[in-house]
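Worksheet: one structure, shown below.
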Amino acid sequence: AFDYHEKGNIKDAEIYYKFLCIYAFENHEYLKGFASVCQSKKKYQQAYDLYKLSYNYSPYDDYSVIYRMGQCQIGAKNIDNAMQCFYHIINNCEDESVKSKAQAYIELLTDNSEDNG
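Numbers 982 to 1098, taken from this note's numbering, label the letters of the sequence shown in order.
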């Protein structure tokens, strides 16, 4: 499934990830992969929900998943929810790479809201 997705074969990736998630629903990596496919297909709410499940089943705090959840909220035009995701990263994540990406989105979204306000 991962190889199909990496090669841009989204349709087959989706089929295989669905099967894998049915087979091993609590596998956070399968859920994250399926979420990524949904995000690629602009199915933002479904992707968000799958990322959330992936995060909940993960044995560690993978803040890159919350970052992707924020991206999905932007795609779904839920800017307030996206900001909550990015602020959660800023306040809790120790990975500076993920924090800096979240900070960039916060600044971009704040600038856009000021320009439109």
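Beta carbons are placed, not taken as given, at the ideal position from N, Cα and C, and that holds for glycine.
Cβ-based burial, residue i [other Cβ within 10 Å; buried from 16]
i: tyrosine 997; result: buried
i: alanine 1085; result: exposed
i: glutamine 1054; result: buried
i: leucine 1012; result: buried
7 Å Cβ shell around residue i - same chain, five flanking residues per side excluded
i: aspartate 1076; result: Tyr1044
i: cysteine 1074; result: Tyr1044, Lys1080
i: phenylalanine 1067; result: Gly1051, Ala1083, Tyr1086, Ile1087
i: glutamate 995; result: Val1018
N- and C-terminal bounds of the alpha helix (DSSP H) containing residue i
i: serine 1017; result: 1009-1021
i: lysine 992; result: 991-1004
Sequence-distant residues of the same chain with beta carbon closer than 6 Å to residue i, five excluded per side
i: tyrosine 1032; result: Ala1016, Val1046, Arg1049, Met1050
i: alanine 1063; result: Gly1051, Gln1054, Ile1055
i: glutamine 1027; result: Cys1019
4 or more residues per run - each alpha helix (DSSP H) lying fully within the segment 1017-1089: 1025-1038, 1044-1056, 1060-1073
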